[in-house]
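J.: For what it's worth, our numbering labels the leading residue of the sequence shown as 219, then goes sequentially.
We put the beta carbon where it would ideally sit given N, CA and C, even for glycine.
Keep in mind that this is a model prediction, so the values were computed, not measured.
Questions regarding the structure given below will be posed in turn.
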Amino acid sequence: MQYLFYTDKPPEVYSAELPPQDDSLYPPPLLKCPHRDCHMPVRLEKHGYYKRWLVTETFQGRIRIRRYVCPVCGKTVSVMPAFCIPYFQYGTAVIVNSVWSSFESGSVMQAAREWSQQVPGITRRHITYYRGRMCKNRQFIQYGINAMPPAPVELGRIPGDIEWTKRFLCEIRPQNILTFNADFQNTTRSSFMSYRNMVA
Ligand SMILES: [Zn+2]
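This is the structure in structure tokens:
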């Protein structure tokens, strides 16, 4: 299980090339096991780190993710900085802002030209994929937004998926990207980029 937390520190600080960081960089352990079949009111214990690859505008390399373990059920919980999206190698701001650029400039090609100069390895295919995922994920993202306290945006009445996605990006950019990412993940237990088919 993955939790995200907001931090204003840059990815460099979490680099796996540095010695293990001090605990103030990570949130304190949960006081109740979040796993559904356990939920015991026990303080989770430190359980080392794992390393994951991350690419942003300023960083390319592995960062260290803190892991906790429940002493009752033995299951783990990872806590990841909100500049990451679980299972995506590009950072949260790169994904959100490159898709925004594709709407703003009117073309994914143009956005890719611009972004490939700032972020190593990013291509038209990445941006097309991210943009398609957000549009397809509209219902799941809307569900998550409604479940997050307090529901910050009203997007339900916008008709087209592309119009909806543009409005969504407007709402979360530029200041709210990381807090949105963390709140969404912690509310739904999934990232806003992990595809969910909400049609029954
Ligand atoms: Zn447990």
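Could you round the C-beta distance between L396 and Y224 to whole angstroms and report it? I think they count as a contact, below 8 Å.
T.: As a working note, residue 396 is residue 178 in the sequence shown. As a working note, residue 224 is residue 6 in the sequence shown. Indeed, because the Cβ distance is near 5 Å, the residues count as touching under 8 Å.
J.: As a quick check of your reading: which residues have a C-beta less than 6 Å from at least one non-hydrogen atom of ligand 1, in chain order?
T.: Checking every Cβ against the heavy atoms of ligand 1 under 6 Å gives C251, H253, C256, M258, C288, V290, C291, K293.
J.: Are V337 and V312 touching if we call contact CB-CB under 7 Å?
T.: For the purposes of this step, residue 337 is taken as residue 119 along the sequence shown, with counting starting at 1. For the purposes of this step, residue 312 is taken as residue 94 along the sequence shown, with counting starting at 1. Taking 7 Å as the Cβ cut-off, V337 and V312 qualify as a contacting pair.
J.: According to DSSP, is P299 part of a helix, a strand, or is it coil?
T.: Residue numbering aside, residue 299 sits at position 81 when the sequence shown is read from its first letter. Reduced to three states, the DSSP call for P299 is strand.
J.: Compute the distance between the beta-carbons of I345 and V314, then report whether it is under 7 Å.
T.: The sequence position of residue 345 within the sequence shown is 127, counting from 1. The sequence position of residue 314 within the sequence shown is 96, counting from 1. In this structure, V314 does not lie closer than 7 Å to I345 by Cβ.
J.: Which two residues bound the contiguous beta strand (DSSP E) that contains K293?
T.: Within the sequence shown, numbered from 1, the residue matching residue 293 stands at position 75. Where K293 is concerned, there is no enclosing beta strand (DSSP E), given that its DSSP letter is neither H nor E.
J.: Leaving out the 5 sequence neighbours to the left and right, which residues in its chain are closer than 6 Å to E263 when beta-carbon positions are compared?
T.: What you label residue 263 is simply residue 45 of the sequence shown in a count that begins at 1. Only V287, P289 meet the Cβ criterion.
J.: Pull up the DSSP beta-bridge partners for N271, would you.
T.: In the sequence shown, counting from the first residue as 1, residue 271 sits at position 53. First, the amino acid is wrong: residue 271 is Trp here, not Asn. According to DSSP, W271 bridges with R280.
J.: Tell me which same chain residues have a C-beta within less than 6 Å of the C-beta of I359, skipping the five on either side of it?
T.: Within the sequence shown, the letter at position 141 stands for residue 359. Answer for I359: F410, listed in chain order.
J.: Would K293 and R282 be called neighbours here (beta carbons separated by less than 7 Å)?
T.: Within the sequence shown, the letter at position 75 stands for residue 293. Within the sequence shown, the letter at position 64 stands for residue 282. For K293 and R282, no; Cβs fall outside 7 Å.
J.: Assign Y348 to one of two classes, buried (16 or more other C-beta atoms within 10 Å of its C-beta) or exposed (fewer than that).
T.: Counted from its first residue, the sequence shown places residue 348 at position 130. The residue in question, Y348, is buried, as its Cβ has 16 or more Cβ neighbours within 10 Å.
J.: Could you tell me which of R356, N415, Y308 sits nearest to S334, measuring between CA atoms?
T.: In the sequence shown, counting from the first residue as 1, residue 334 sits at position 116. The shortest C-alpha separation from S334 is found at Y308.
J.: Let me make sure I understand the geometry here. Which of A330, S242, S408, R385 has the alpha-carbon closest to that of R343?
T.: Your numbering for residue 343 matches position 125 in the sequence shown. Closest option to R343, Cα to Cα, is A330.
J.: Between which residues of its own chain and M258 is the CB-CB distance below 6 Å, once the five residues before and five after are set aside?
T.: Counting from one through the sequence shown, the residue named residue 258 turns up at place 40. Excluding sequence neighbours, M258 sits near C251, V290.
J.: Following the continuous beta strand (DSSP E) through F223, name the residue where it begins and the one where it ends.
T.: As a first step, residue 223 must be located in the sequence shown, where it is residue number 5. Run containing F223: 220–223, per the beta strand (DSSP E) assignment.
J.: Could you give the residue range of the alpha helix (DSSP H) that holds H257?
T.: As a working note, residue 257 is residue 39 in the sequence shown. No alpha helix (DSSP H) holds H257; DSSP gives it neither H nor E.
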